[in-house]
Every structure is written in structure tokens, then in C-alpha cells.
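S.K.:
There are 4 protein chains.
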Amino acid sequence: MNIGQNPIARQSRREQILAAAWKCFYRRGIHATSMEKIIREAGLSAGAVYLYYKGKNDLILAAISTYMERLRDLFVPILTEEEPLPPLALIHEITSVMTKFTRSTKIDLNSIILMCWSESQTNEAVKALISGFQVNYRAALTKLVGKWEKRGELESASDPKDVAKVLLSFFHGFIVQSALLGELDPETVTRGMKGLLGEGVAAKRDIRPRSPTRMPSSRK
Amino acid sequence: MNIGQNPIARQSRREQILAAAWKCFYRRGIHATSMEKIIREAGLSAGAVYLYYKGKNDLILAAISTYMERLRDLFVPILTEEEPLPPLALIHEITSVMTKFTRSTKIDLNSIILMCWSESQTNEAVKALISGFQVNYRAALTKLVGKWEKRGELESASDPKDVAKVLLSFFHGFIVQSALLGELDPETVTRGMKGLLGEGVAAKRDIRPRSPTRMPSSRK
Amino acid sequence: MNIGQNPIARQSRREQILAAAWKCFYRRGIHATSMEKIIREAGLSAGAVYLYYKGKNDLILAAISTYMERLRDLFVPILTEEEPLPPLALIHEITSVMTKFTRSTKIDLNSIILMCWSESQTNEAVKALISGFQVNYRAALTKLVGKWEKRGELESASDPKDVAKVLLSFFHGFIVQSALLGELDPETVTRGMKGLLGEGVAAKRDIRPRSPTRMPSSRK
Amino acid sequence: MNIGQNPIARQSRREQILAAAWKCFYRRGIHATSMEKIIREAGLSAGAVYLYYKGKNDLILAAISTYMERLRDLFVPILTEEEPLPPLALIHEITSVMTKFTRSTKIDLNSIILMCWSESQTNEAVKALISGFQVNYRAALTKLVGKWEKRGELESASDPKDVAKVLLSFFHGFIVQSALLGELDPETVTRGMKGLLGEGVAAKRDIRPRSPTRMPSSRK
DNA sequence: GATGAATGAGTCTTCATTCAT
DNA sequence: AATGAATGAAGACTCATTCAT
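Residue numbers (numbering that gives the first Met the number 0), protein chains in the order written: chain A, 0 to 219; chain B, 0 to 219; chain C, 0 to 219; chain D, 0 to 219.
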């Protein structure tokens, strides 16, 4: 099969290998997975895999990098809308986007993210990748919080940066709890957040959803 | 040295080994650490280590279990007080307890927790350990939220369980961000949370700290 | 490109591959060189190389064989002249022919010869090639020594065969020292040899160089 | 078997491995020998060999280094005597020492030297080892030639350094011819050398052997 | 003839664990 | 109890060679 010289085919081979890698990583963990397992899962020969990735480290990095990109593609549209969702609706949207993604793939996104975070603690390249992502995520949230304050959906006494950190924390925690204790409902956390923010206040804040379909309560 | 027969000495040997294990895990990750590294770090012989732990898996489990206990010891006093701290003060207290712990040890608690979470995804025994911990943590927070509602420090419209989940999420996220992006200030996150809850509301809610030293604002 | 059917073109392809092979062998040694390196150096495809050589062994044999032929072409004219150079002049001529060859190529002939010798120790085909060459070399020297004795340039007490062995030894050693310790001057070794043979005697013996340009002392 | 902690036992294990390595190197060449072959030949396990040598390179270097030392031990006594052997006697002595060594070991010293030389062409550490040896060898010969000149056993017209180079060349060549064409007799080469130096002259020069046992002709 | 992706046996090396002392 | 040399299965990776195109 003459594939390597065709950039499109080459890319598809790389993806085929990454998919196999993730299946294995997800099953046994990144470091407990041997190349042989990935090779077998991909249905290729040892040499073939090394034709597409320089080594195990390269493969791990590519695997994680790919997932970071998928996450970005998932969140960017939500975070960068000109007229962002109000706080509770955003929380509902972000969490349900993650939940849906996990359901549509066979593998648990939350679990993968936990593995990536852990890997970043001892792998400089992965750390750079992930902390870069977090920085961007935080910056997007900061902008968003600023808009909320302008729109009066949030009291404007605090630094948007600090609020963004708290908000990001909350999303991270959603991932952790989903992975450790099973799926967490977007509805449940939205309700919980509403309780934390104060029923009346929250209600008042989320008074003007631009589109009905975006109302958290209108979603399954 | 007849140590194994003396339960106290035996325990101290076990702890010596665990301490060595954590130094290594922290440096290179759990799976990238070889027994040989731990053995050398502990200053023992291979045989000795196997006298105290059945194998690497046993050691990993004990290491993680030990850290879960330390965390429990850290949080239980704060979470189970008869008269709990009000919301913002609690957030400040929990986060600053973690920060202090990390500072007093040479190794980053947040980093370790990330590794443990990841390990739990592919190791049933670890998963049981950690999810058990989370369940307890969540239950304690649920009780606490109930008390806040009774005391009027939180509006009582939402199910305390749901609020507890959100609160726990926030703590998890504090760990994640600290590990990925560097230490997060307890003050910063308390401020951010105050902003999220609503400046006026939050202030009102946190009106009665029982002891002045617990006021977040009174801390460095 | 229909090249293989054209004998001349085919030969040039073979030479192109051999040249690439030697560049690699010289850089990393014969056995540390992979086919892939040779293939890349030759600017061909893997399949193409296997069209011209049956495999790595075949290529090694051809590479060594080629160098033996080059050496033969270098030495035969000097050794088979009807009226041979006298001893010291011959020594100077042989050594300077090698030195010049090395200078004109980018790769060190002495180094290559060492590799070939070593290879011959564990490769029967190469051994046959090389010892055949040595036998011929020795035979030519034997004839030459005979002529010297007839001409009175060497005392005729010893068996020319034995003298030829010693002479050949000397040439081999020139190669070894050049490769191990850097280039050895033809002038230096000629002087050294003169000293060993005895100044007066040597001078007397080398009294009749047929052409002035061949006098060692007349050379740079 | 507790051996590693005992320096003497450790050394003997290292030698056991080296001996196995040389048997293999001699049979198939240095680079064509796999660690597995050496391990099997040594009768050890893979891990054990790596307990004594860091890796294949380390083993190769040690193997070569060991042989250089053996050669040194062989030659130094001959080269550094206060009253050195006269030229022809020395040549006979050096060559017959090598011949005897090869006979007493199962493996051909000449062959090994060829492999070492070749290895030195692409292995910096080996090159340093071997060229250092050659430099010393040459220096010892230079001193020796000086003494010969003083004693009138050699005409003193040439620089002893140059004569030493030629002499060394001759010894190198003896090794090469022995390896390529089979064993070369010390007697043969001594006779050949006598012929080259000039029968009368040589005889005169070698007129005063200090001990009759040292006369080449008196040897087997 | 020419290509280069694919193969898979083989290489070097590591490592959890054991056991004679 | 304590040691640490030894084990050998398993790991990551390489490479000569083939073959569909």
C-alpha cells in the first residue's frame, strides 16, 4: 500500500495509529501500554508504526496534542461568541458538550483528560501543551466574565481574572468528579451552581437568554 | 536488625519506603519509577523492600492510600466542626490548608493528587480508594451546605447535594490549576468566588465568622 | 528509466551505489551502516538498490572488490615495470602513490583498507578476495627482489620470497600507521628505511635511478 | 552467588564476560556479534552481563582495552631492557612472542588486532586507546634505535624516530600478513629482514648477542 | 525498471522479583 | 531480618528485504 507519499493517506494512517493508542491508553493507562499493544490494536506491524511516529514519546505527545485540539474545537465556539451565554447557561453548555462528546465516542473524555494532566506533571512537552491550553481557556473566560459584568449579569466588583479562575476551577472539577464518580449531569451541576449563586440572584441574572434553545432547562 | 518483629519499627520501615517511593513518583511519575530507584532512594536493599511490601502494585496502593489519609486528616477537622465556617471562609480555609501542606513538604500535593486520580482510572483498587474518599468528602460537604442553609448563609432553594457537588468541583479545580499553572493563591480564589457569588450577597453571607483568625481577609 | 538493460548505464548505477556505500562505510564502519543510509546517500529507492545488488553482503563484497581493483591499478604499473625502481625509490613511489590517492579522494584509503582487512577475518568471500590480492602482491615483489639481486642493488644471500614478505610487511605497516596516527610522509619513511638499511649501503644501492623525477630526494 | 560485592570475584566475572565476548568477536566480528551470543557464551543471563558492563559499547571498549594491555605486557619487557637485543634478534623476539601467544590462546591475536584497528576508525574511544598505544610503542622503539646507534649496531646517519617508524611498520605488517595469509614464521621474517639489511652488514651488526638463547637461529 | 510502504524477526536493554547466603 | 547478585520475560526500537503499484 503506497500511502506515505500521499499526505492525506499519511494523515489517515497517523490517525489510525492515534486511535489505537487511545484505546490502549484508556484501557491500561499511558505508561502501562506497550508499543506492541498499540501496534496490534492498530493492525499494523512494528516497523509501520515507527514509520509514522519517531517513538513512544512522540506518539504520546501526538496523542495528547490531538485531544487538546479536539477540546479546543469543542469549547472555542462557545467561549468566543460575540454575545456570550449568561453564566448558568454557559455552565450548562460547557458541561453538556463534554458529556455528549464522551457519549458519542467510545472512550471517556474525562478519564483521558485526567491521564493527560498527570502526564503533564512529569513530561515537559506535555506540560507546555496543556498549560498553554489552560492559559488560553482562562483568557477566554476572563473576556467572557468582563462581558457579563458589562451586561449586568454579574456584579462587577471583582477582577474578571479572579472570577475566571474560579469558573475554570469549576469546569476542571466537573471533569474530575465525572471521571472518579461517574457521569455528572449538566442539569445537576447547573442546579447546584444556581443554589450556590443564590436562587433569586441567579434567576435574575439568567433572565435574558438570547435563544430559547439555549436555556439550560430546555435541554434534555 | 530485628525490626520486622517489632510492630512499631516495622511501621517506621514501611513509612521510610513510602517516603522514598513518593519522592520518586513525584520526580518521574508512578509508572516511570522503577523499584530499583525506590530501593536506592530508601537506602535499603531490594530484598528488604519486598519484606515490607509484596510488590510494586502493593507499594503503589499503600503510597496512594497513605496520601488519602493525610488529606483526610487535613480536611476532616475543617469539614466536621459543629459550627462550620461560612462559605467563603471555608473556601479560604480549605485552599490555604492545601497550600501550606505543599509548602511544608518538598513535594507538591497537587501534583501527587493528579497522579493518583490518573492512576485510579486504570487501577481498580486505587479507584475504590479514591472514589470512597470523594464520596465521604461530598457527604461532609452536603451536611455543611445544609447547615449553611439553616443558618441562612446560603439560600435554601437547591438540594444541598447538588451544591456540594459544585463546591467539591471547585476544590478539585483548585488542585488542577495549581498543578498545571503554578500555585493559586487562596486569597485570589476567595476573591474570585466572592465575585461569582455576588459582592453584596457574599458579604452578607459571610457576616459572622466565629473566630477572627479565620476571616479570609485577615490572612496574609 | 530503462537503465538495467543498457549494460553501460547499469554499470554506472552500480558504481553510484558503491560510491554511496563507501561514503557510509567510511563514516560509520561497514557493519554499522544500514542499507537505508546507503540508499539515501545514493539518492535511490530501496527497491532500486536491490535491483543492482542482491543484498547487503553482495554489496559489501562488491565494494571491497572494487577497492582491491583500484589498489591493483595503482600498484601494478610500479611493480611490473621491466626495469624496476631500486629499493628506496620503490618504497617512496608506493607510499606516495597511496598518499596521493587519499588526498585526491575525500575518503582515507588507509582507513578503508583497515576495514577490509578486518572484514576479511569473518567473511570468507572477502578473505578470498584479499588474500588473493596479497598473494599476487607478494609474487610481484618477489620477482622484483630477484631483479634487484641480479642488478646488485640487494645482496643475493636471502631467498627473494622472504625479502618480499618483509617488504610487503613494511607497506602494510605504512597503511596501519597512516590510519592510526595520521598521514605518514613518504619522505620520512624512505629516510627511515635508508637508516635501517645502512646509510652507505643504501646510498650505493640506490645509485642508479632511471629517471630523475623518481629520486625520492627530488620530490617535495 | 554473591559476587559483585567482592572486588576480586567481580573482576573475575568481568573477565569471564570479556573472554566470552572475544570468543564471539573472533568468530563473527565485533559488530556482527549480538549481546545474546555473548550472554549465552558466558553462560550468564542478560541482566547479569549488564550488571558488569553498561552496554555493548562499554563491553567492546573493555574488550579492546584488555587486549591492548596484554600486548603491552608482552612487548614492554622486550623493548625496555637496559641492554636491548640487537636489531635482528629483536625482530625475532617480538614476532615469536606474538606467535607463541596466539598458539597458547585459542584465538588468533593477529586477527583480533585487525578488528581493533578497524574499530578504531569509527570509534573515538577505541581510537584514543589504540593510538596511545602506538605512540608509546613508537617511543620505545625510538629509544631502542638510539641505543643501537650508540652501540654501532646501526649506522647513525638517520633520525632514530624515522627508523622507529619503519621498524614499527614492519611489526604491523607482520601482524597483517599473519592474519591474512596465515602464520608467518619468525625465522622467515628474520631471514628476510637480514636479506634486506644486507647479509654482511646484518651479520656484522648482530655479532654480539648477549645471551646465546637469544640468537634467533637458536630458537625453534 | 522504479518506488517506498510495509514487514517481522531480531537487537539492545530494563526491571520486577527471587533466593542463596 | 537483610542482602544484592542473578534471573529472564518483556520492552522499545531497527533494519534487511519484499512486493503491490
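All residues carry an ideal CB built from backbone N, CA and C; glycine is no exception.
Nothing here was measured: the structure is a model prediction, and the numbers come from that model.
If we ignore side chains and look at the alpha-carbon of each, how far apart do Arg12(D) and Val96(D) end up?
M.R.: Taking the straight line joining both Cα atoms gives about 28 Å.
S.K.: Using a Cβ cut-off of 8 Å (strictly closer), state whether Arg190(C) contacts chain D.
M.R.: yes
S.K.: Skipping 5 residues on each side, what residues in its chain have a beta carbon closer than 7 Å to that of Leu60(A)?
M.R.: So the qualifying residues of the chain are Ala124 and Val125.
S.K.: Grouping DSSP H, G and I as helix and E and B as strand, with all else coil, what is Arg185(A)?
M.R.: Looking at the sequence provided, one finds Pro at residue 185(A) rather than Arg. Judged by DSSP in its simplified three-state form, Pro185(A) adopts helix.
S.K.: If you reduce the DSSP assignment to three classes, tell me which class Tyr25(A) lands in.
M.R.: helix
S.K.: Apply the 10 Å Cβ neighbour rule to Leu88(D) and answer buried if 16 or more other Cβ atoms are within range, or exposed otherwise.
M.R.: A small fix is needed here, since residue 88(D) is Ala in this sequence, not Leu. Result: buried.
S.K.: Relative to the C-alpha of Thr121(C), which candidate in Ile129(D), Val162(D), Glu152(D) and Ile111(D) has its C-alpha closest?
M.R.: Ile111(D)
S.K.: Nearest-angstrom Cα distance between Thr32(C) and Phe24(C)?
M.R.: 6 Å
S.K.: Could you name the residues of chain B that Lys164(A) contacts, counting a contact when the two beta carbons are closer than 7 Å?
M.R.: Gln176, Leu183, Thr187, Val188 and Gly191
S.K.: For Asp158(D), which of helix, strand or coil comes out of DSSP?
M.R.: coil
S.K.: Roughly how many angstroms lie between the CA atoms of Ala45(A) and Arg26(B), to the nearest whole one?
M.R.: 30 Å
S.K.: Kindly indicate which three-state DSSP category Asp72(D) falls into: helix, strand or coil?
M.R.: helix
S.K.: Could you check whether the stretch 149 to 156 of chain C touches the stretch 159 to 174 of chain D, counting it as contact only if at least three pairs of C-beta atoms, one from each stretch, sit closer than 8 Å?
M.R.: no
S.K.: Where does Gly65(A) sit, in a helix, a strand or coil, going by DSSP?
M.R.: The question names Gly, but residue 65(A) is Thr in the sequence shown. Three-state result, Thr65(A): helix.
S.K.: Once DSSP output is grouped into helix, strand and coil, what is the label at Thr212(D)?
M.R.: In this predicted model, Thr212(D) has a pLDDT of only 42, less than 50, meaning its place in the structure is not dependable enough to derive any value.
S.K.: Once the 5 residues before and after Asn5(A) are set aside, which same chain residues still bring their CB inside 8 Å of it?
M.R.: none
S.K.: Identify whether Tyr51(A) lies in helix, strand or coil by the three-state DSSP scheme.
M.R.: In the structure shown, Tyr51(A) sits in a helix (DSSP, three-state: H, G or I).
S.K.: With H, G and I counted as helix, E and B as strand and the rest as coil, what does DSSP make of Pro6(C)?
M.R.: helix
S.K.: Measuring only between beta-carbons, confirm whether Trp116(C) sits less than 8 Å from chain D.
M.R.: Chain D, which has a Cβ nearer than 8 Å to the Cβ of Trp116(C), makes this yes.
S.K.: Which of helix, strand or coil does DSSP assign to Leu89(B)?
M.R.: It is helical.
S.K.: Determine the DSSP secondary structure at Ile112(C), reduced to helix, strand or coil.
M.R.: Helix at Ile112(C).
S.K.: Name the chain C residues whose beta carbon is nearer than 8 Å to that of Thr121(D)?
M.R.: Arg26, Arg27, Gly28 and Ala31
S.K.: Go ahead and pull the three-state DSSP assignment for Glu82(A).
M.R.: coil
S.K.: Alpha carbons only, please: which of Leu73(A), Gly194(A), Cys115(A) and Tyr66(A) is nearest the one belonging to Val175(B)?
M.R.: Cys115(A)
S.K.: Helix, strand or coil: how does DSSP classify Ser177(D) here?
M.R.: The answer is helix: DSSP assigns Ser177(D) an H, G or I state.
S.K.: Would you report the Cα separation of Phe173(A) and Tyr49(B), rounded to the nearest angstrom?
M.R.: 39 Å
S.K.: Report the rounded CA-to-CA distance for Leu166(D) versus Thr187(C), giving the unit in angstroms.
M.R.: 13 Å
S.K.: Going by DSSP in three states, Ser44(D) sits in which element: helix, strand or coil?
M.R.: coil
S.K.: Ignore the nearest five residues each way along the sequence and tell me which others in Asn109(D)'s own chain have a CB closer than 6 Å to its CB.
M.R.: Counting only Cβ-Cβ distances below 6 Å, and skipping sequence neighbours, we find Ile174, Ser177 and Ala178.
S.K.: Could you check where the alpha helix (DSSP H) with Leu140(A) kicks off and where it finishes?
M.R.: Per DSSP, Leu140(A) belongs to the alpha helix (DSSP H) from Glu123 to Arg150.
S.K.: Quick one: which chain A residues come within Cβ less than 9 Å of Leu60(B)?
M.R.: Using a Cβ-Cβ cut-off of 9 Å, Leu60(B) is close to nothing in chain A; its nearest Cβ partner there is about 15 Å away.
S.K.: If you draw a straight line from the alpha carbon of Ile63(B) to that of Gly191(A), how long is it in whole angstroms?
M.R.: 30 Å
S.K.: Taking Asn56(C) as the reference, which of Ala20(C), Thr94(C), His171(C) and Leu143(C) has the closest Cα?
M.R.: Ala20(C)
S.K.: Is it true that the CB of Ile16(B) sits closer than 8 Å to the CB of Tyr66(B)?
M.R.: no
S.K.: Is any beta-carbon of chain D found at less than 8 Å from that of Thr74(C)?
M.R.: It is worth fixing the name first, because residue 74(C) is Phe in this sequence and not Thr. So no, Phe74(C) is outside the interface.
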